Amino acid sequence: MKQMDRAVASTSVADDVDRFLPADDPVLADPDLDLVTLTARWAPYGARRPMTAEQMRGADRRAQRIGVPSRDLMEQAGAAVAAAARAVLNSTDRQSSGRVLVLAGPGNNGGDAFVAARHLADFGISSVVVLVTSDRQPGTGDARANWEALEGLPLVERIQADSGHAVHLLLNGIERAALVIDGLLGTGVTGRLREPISEAVDVCIRARRGGVPVLAIDTPSALDLSSGAPSQPNVRADLTVTFHRPKEGLLTRDGRALAGRVLVAPIGIPNEADSG
3 MKQMDRAVAS TSVADDVDRF LPADDPVLAD PDLDLVTLTA RWAPYGARRP MTAEQMRGAD
63 RRAQRIGVPS RDLMEQAGAA VAAAARAVLN STDRQSSGRV LVLAGPGNNG GDAFVAARHL
123 ADFGISSVVV LVTSDRQPGT GDARANWEAL EGLPLVERIQ ADSGHAVHLL LNGIERAALV
183 IDGLLGTGVT GRLREPISEA VDVCIRARRG GVPVLAIDTP SALDLSSGAP SQPNVRADLT
243 VTFHRPKEGL LTRDGRALAG RVLVAPIGIP NEADSG
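This is how it looks when you write it as structure tokens:
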């Protein structure tokens with residue numbers, strides 16, 4: 003293909019993806035979605051200019067001022083994670099091996115995880131969703147609403163783990179999980195992690211050692227998305243789904259080592275929200 007033809011094709015794909023955000027994309031609705039298809043679908047976003055965690059938070063705030071509700075951003079992020087989880091399961095033939103274990107912190111990263119579990123249930127995929135916090139409730143309104151939306155949902159088991167001991171009990175039979183989703187921590191983590199989050203990170207570590215794939219939401223927990231500096235302990239993921247643009251911390255040596263394959267998913271942040 004000539005260079006101009008490649009540029010036109012790339013623009014066409016980007017426009018197509020912009021029209022179809024994850025929750026509404028017919029390509030992602032394919033029950034047989036695999037990683038090759040998903041990677042190609044989101045490739046235009048991976049080619050965008052990287053940004054820091056603070057720049058992403060600014061874009062998120064400006065998007066809301068423009069008129070994009072925060073709950074809509076969380077819905078699209080969770081739908082993207084669910085699509086990636088399904089692609090991993092289809093590509094590794096692990097869907098029949100057990101349920102998906104979703105580890106969620108109290109913030110919006112955890113909120114994305116709750117949405118992902120709901121979308122997985124829509125595709126007949128069962129999950130165990132563990133809210134890991136000593137406060138026993140999500141810390142943001144959007145996350146709390148999506149946690150409560152899981153109550154009584156078929157194929158979803160909710161667990162609250164408010165201590166390191168409670169989280170540690172999850173290690174029993176962890177090797178039988180089909181997939182672990184890391185939705186524990188988001189951007190800007192510094193310092194050594196404390197219980198119960200540190201114990202949940204250990205669950206991710208032990209699962210991966212046992213051959214269970216780990217999918218991280220936005221960043222592997224304990225990796226700073228701006229500097230790429232990891233705290234201890236930290237998650238090593240097989241796949242990381244980050245949002246809107248690549249993040250600088252995922253491009254460092256430590257970032258690449260901990261994030262595994264990185265996919266950048268659209269979540270509906272307008273381009274004009276990047277400046278300001």
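Just so you know, we're using the numbering used here here: the sequence shown kicks off at 3 and counts up by one.
Yeah, the Cβ is synthetic: ideal placement off N, Cα and C, and Gly gets one too.
The model shown is predicted, which means the values in this text are computed figures rather than measured ones.
Taken atom to atom, the span from the alpha-carbon of Pro235 to that of Leu181 is near 20 angstroms. In this structure, Ile269 lies near Leu75, with their beta-carbon atoms less than 8 angstroms apart.
Note on geometry: alpha-carbon atoms of Ser233 and Ser128 lie some 31 angstroms from one another.
Asp124 and Val264 have their alpha carbons spaced roughly 25 angstroms apart.
Across the structure, His246 and Glu197 are spaced so that their CA atoms are roughly 31 angstroms apart. Burial is judged here by how many other beta carbons sit within 10 angstroms of a residue's own beta carbon; Arg178 has fewer than 16 and is exposed. The straight-line gap separating the alpha-carbon atoms of Ser165 and Ser136 is approximately 6 angstroms. Arg59 and Thr189 have their alpha carbons spaced roughly 9 angstroms apart. Per DSSP, the unbroken beta strand (DSSP E) holding Glu159 starts and ends at 158-163. By the neighbour-count criterion, in which 16 or more other beta carbons inside 10 Å mark a residue as buried, Ala49 falls on the exposed side. Thr242 is not a Cβ neighbour of Leu227, given a cutoff of 8 angstroms. Ranking Leu260, Val203, Asn273 by CA distance to the CA of Val134 puts Val203 first.
Pairwise C-beta distances place the region 149-158 out of contact with the region 51-58, as fewer than three of them are shorter than 8 angstroms. Taking 4 residues as the minimum length, the alpha helix (DSSP H) runs contained wholly in the region 107-141 are 110-124, in order along the chain. Taking Ala87 as the centre and dropping the five residues before and after it, the same chain places the C-beta of Val102, Ala118, Leu122, Ile127, Leu181, Ile183, Leu217 closer than 8 angstroms to its C-beta, in chain order. In this structure, Ile199 lies away from Asp62, with their beta-carbon atoms at least 8 angstroms apart. Taking C-beta atoms as the reference points, Val104 and Ala115 count as a pair closer than 8 angstroms. When secondary structure is reduced to three states using DSSP, Arg67 falls in the helix class.
Residue nearest to Ala163 within the set Asp144, Val130, Leu157 is Val130 (criterion: CA-CA distance). Of Ala267, Gly212, Val214, Ala209, the smallest CA-CA separation from Thr221 is found for Ala267. Under the DSSP assignment, Val237 falls outside any alpha helix (DSSP H); it carries neither an H nor an E label.
The Cβ atoms of Gly230 and Gly262 lie no closer than 8 angstroms to each other.
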